[in-house]
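One structure below.
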Amino acid sequence: MDLRTGGKFTRKNEDLTGKEIAMCVALPGRVVKVNGTKATVDFSGNTMEAQAGLVKIKPGDSVLVHAGCILQVLTEQDRSALEELLKEIEEL
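Residue 32 is where the sequence shown starts when you use this note's numbering, and the numbers rise one by one after that.
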């Protein structure tokens, strides 16, 4: 998974077409700062700007981001569980 490309997994789909396909997933990150309806979010050292108008957030919150939008605030337990699942997927 490449966090710099918005969290796309690229896998070869040998069962159907043999072509590479990309799958976009929502990723957990941590809010670094908020500026109006935008926020800087840290993904394991990689930062990006995301739209924050859908949910109420503050610096330090763990959030779920998809397609440049913060979808929800995560509990630390949910964030840890998601990170573990993403690590497992990377190893497949």
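Think of the CB as a built atom: it goes at the ideal place given N, C-alpha and C, for glycine as much as any other residue.
Computed from a prediction, not measured in an experiment: that's the story for all the values here.
According to DSSP, residues forming a beta bridge with S111: According to DSSP, residue pairing for S111 in a beta bridge does not occur.
Nearest residue (CA-CA) to I101, options Q108, D109 and D92: D92
When you compare only the Cα positions, how much space is there between T68 and S111? 26 Å
Given K64 as reference, the closest of L123, D73 and L58 once Cα atoms are compared: D73
Contact belief for A81 with A70 at Cβ below 8 Å, rounded distance in angstroms: 6 Å
Keeping to the same chain, check which residues put their C-beta closer than 7 Å to that of L85; ignore five residues upstream and five downstream. C100, I101 and L102
Please look up how many angstroms separate the CB atoms of K88 and V94, rounded, as I've assumed it's under 8 Å. The sequence given here places Ile at residue 88; Lys does not occur at that position. About 6 Å separates the two Cβ atoms, so the contact holds.
Write down the C-beta distance between C55 and A98 rounded to the nearest angstrom, noting that I regard them as a contact closer than 8 Å. 7 Å
Is DSSP giving K87 helix, strand or coil here? coil
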